[in-house]
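Just below is one structure, and these are the notes that go with it.
Residue numbers (this note's numbering): 1043 to 1219.
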């Protein structure tokens, strides 16, 4: 695979972003993808099983912290965390964002249901390098579609990267704001 702008932005060797896979990801899978040159991504329930599942936002955030730390022990390469904010009264995302900030995670794959003020303010607090936004109207306009669903983005020299993609689609379009 050819090194390109997304590789440069993410600090990876190959333009591969691993799907978060919710319950199926753990530190071992994410580190393996990152060590192979792609961007491994911890899913929202990374490392959890039916027996170890938790039921509060705070417990979920602490489990994510554990998985982030395990991943850091297995790789020095970049990896990300998946966020799936809910449209209203989201009690789950703020604790996870706090963990992402405290643990210094450099990439966030955002696959949420919408943009609430709390999410925008927390992302601003994290001083994210860029926001890649999905424009489904591009599909209707017949404009070119990128696969993988990320186009080169502008970025600033500090903070983290937020890649916002539409998952579950055969093809999706991302465009920087």
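For glycine and all other residues, C-beta sits at the position ideal for the given N, C-alpha and C. Just so we're clear, the structure is a prediction, and the values are computed from it rather than from any experiment.
Could you give the distance in angstroms between the alpha-carbon of residue i and the alpha-carbon of residue j?
i	j	result
residue 1082	residue 1114	12 Å
residue 1171	residue 1078	Reliability of the predicted coordinates at residue 1171 is poor, the pLDDT of 44 falling under 50, and no value is obtained from them.
residue 1046	residue 1055	9 Å
residue 1128	residue 1044	36 Å
Can you tell me which of the options puts its alpha carbon nearest to the alpha carbon of residue i?
i	options	result
residue 1065	1073, 1077, 1079, 1084	1084
residue 1126	1074, 1151, 1103	1151
residue 1146	1120, 1046, 1102	1120
residue 1110	1080, 1132, 1095, 1148	1148
residue 1103	1073, 1142, 1080	1142
residue 1123	1053, 1044, 1063	1063
How many whole angstroms separate the CB atoms of residue i and residue j, which I take to be in contact at a CB cut-off of 8 Å?
i	j	result
residue 1118	residue 1089	Not really, about 20 Å apart at Cβ, beyond 8 Å.
residue 1069	residue 1139	Not confirmed; about 20 Å, so no contact.
residue 1057	residue 1051	With a Cβ gap of about 10 Å, residue 1057 and residue 1051 do not count as contacting.
residue 1133	residue 1099	5 Å
Please name the residue or residues paired with residue i in a DSSP beta bridge.
i	result
residue 1082	1121
DSSP on residue i, reduced to helix/strand/coil?
i	result
residue 1110	helix
residue 1133	coil
residue 1149	strand
residue 1176	Residue placement at residue 1176 is flagged as unreliable, the pLDDT there being 31, under the threshold of 50; a coordinate-derived value is accordingly withheld.
For a test of your reading of the model: does the CB of residue i fall under 7 Å from any non-hydrogen atom of the ligand MG? Yes or no.
i	result
residue 1148	For the ligand MG, the structure offers nothing, since it holds no ligand at all.
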